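K.L.:
Numbers 0 to 142, taken from numbering that gives the first Met the number 0, label the letters of the sequence shown in order.
Built from N, CA and C at the ideal position, the CB exists for glycine as well.
Given the structure is predicted, the values throughout are model-derived calculations rather than measurements.
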Amino acid sequence: MSNPKKPHITVMRSQLSRARGLGSGQAGVGHWWAERASAVALVPLSGWFVIQVFRLAGASQPEVAKWGARPLNTTMMLSLVILTFYHTQLGLQVIIDDYVHGKAHLPAGLLMKGIVFLLGLFGTVSVLKLALAGSSRGRIAAG
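#1: Give the straight-line distance between the Cα atoms of residue 90 and residue 111, rounded to the nearest whole angstrom.
#2: So, do the region 76-94 and the region 112-125 have three or more beta carbon pairs nearer to each other than 8 Å?
#3: By the three-class DSSP mapping on this structure, what secondary structure does residue 29 have?
#4: Express the C-alpha separation of residue 123 and residue 68 in angstroms, rounding to a whole number.
#5: For residue 113, which of helix, strand or coil comes out of DSSP?
#6: Looking only at its chain, what residues have a beta carbon closer than 8 Å to the beta carbon of residue 106, apart from the 5 residues adjacent to it on each side?
#7: Helix, strand or coil for residue 46? Go by DSSP, reduced to three states.
#8: On a Cα-Cα basis, can you pick out the residue from 66, 30, 39, 73 that is closest to residue 127?
#9: Which same chain residues end up closer than 7 Å to residue 131 when comparing Cβ atoms and leaving out the 5 residues on each side of it in sequence?
#10: When DSSP labels each residue in this structure, what does residue 69 get in the three-state scheme?
#11: Just mark residue 133 as buried or exposed, buried being the case when its beta carbon has 16 or more other beta carbons within 10 Å.
#12: State buried or exposed for residue 115, treating a residue as buried only when at least 16 other CB atoms are found within 10 Å of its CB.
Right under this line is the structure:
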């Protein structure tokens, strides 16, 4: 008699699914951890950003530029932008994997990654522009 708790056919189906690329390939564990780690890292960064927004409320443009030119603020902002878009890409990838099937899966994934990359690049360039503009204003004023 076969063991009802562990039927042999389930194991065969699982192996067949893996061979077809339909079963668990164990790659989801790394994706899951990356999603959780980026979420945990975003908590203090987001809190820092909210505090900075309140501190800068009512500040003039030169004051904001001076703030943005500080290395710690630039580093924190770049970390926030990069991690936010990385976390976004991970989350949207899960949605596409779960709900987009067939021939649309690959184009949807590529389109999503391209859009998220461009938005992340835009955010990164914006932070760097703020940092460089603030540092050059300080040099001009000092010189």
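P.N.:
Looking at the coordinates:
#1: In the sequence shown, counting from the first residue as 1, residue 90 sits at position 91. In the sequence shown, counting from the first residue as 1, residue 111 sits at position 112. Their backbone Cα atoms lie some 11 Å apart in a straight line.
#2: Contact between the region 76-94 and the region 112-125 is present, with at least three C-beta pairs closer than 8 Å.
#3: Position 30 of the sequence shown, counting from 1, holds the residue named residue 29. Note: residue 29 maps to helix in three-state DSSP.
#4: By 1-based counting over the sequence shown, the position of residue 68 is 69. By 1-based counting over the sequence shown, the position of residue 123 is 124. Cα-Cα distance, rounded: 14 Å.
#5: As a position in the sequence shown, residue 113 is number 114, starting the count at 1. Residue state for residue 113 is assigned as helix, using DSSP reduced to three classes.
#6: Numbered from 1 along the sequence shown, position 107 holds the residue referred to as residue 106. No residues qualify anywhere along the chain.
#7: The residue given as residue 46 occupies position 47 in the sequence shown. Note: residue 46 maps to helix in three-state DSSP.
#8: Looking up residue 127 in the sequence shown gives position 128. Nearest C-alpha to residue 127: 73.
#9: Indexing the sequence shown from 1 puts residue 131 at position 132. Excluding sequence neighbours, residue 131 sits near nothing in its chain.
#10: Residue mapping note: residue 69 aligns to position 70 of the sequence shown, counting from 1. In the structure shown, residue 69 sits in coil (DSSP, three-state: anything other than H, G, I, E or B).
#11: Here the question's residue 133 lines up with position 134 in the sequence shown. By the 10 Å Cβ count, residue 133 comes out buried.
#12: Your numbering for residue 115 matches position 116 in the sequence shown. That one is buried.
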